[in-house]
Amino acid sequence: MTTSRTQFKKQVELIQLNDTLVVTKLNHFAHKTRKTLNLIDNLLKKKSSSQF
């Protein structure tokens, strides 16, 4: 993640078990496919509920 996304990075790090992250605009979630897949993988490892 770039330094301009520090708030987003903090929010992702704060997600805990059973939290829900609702993404309304996928292009704002991650700009590249690989980054999107990595973010989703990290969230699933935390066992959060992600809705796209």
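If you use this note's numbering, the sequence shown corresponds to residues 1477 to 1528, in order.
Even glycine gets a Cβ: it sits at the ideal position worked out from N, Cα and C.
Between the alpha carbons of residue i and residue j, how many angstroms are there, rounded?
i       : j       : result
Thr1496 : Lys1522 : 11 angstroms
Glu1489 : Asn1518 : 10 angstroms
Ala1506 : Lys1486 : 15 angstroms
Thr1482 : Thr1500 : 19 angstroms
Phe1484 : Asn1514 : 14 angstroms
I believe residue i touches residue j by the beta-carbon criterion, under 8 angstroms. Please report the beta-carbon distance rounded to the nearest angstrom.
i       : j       : result
Leu1502 : Thr1512 : 7 angstroms
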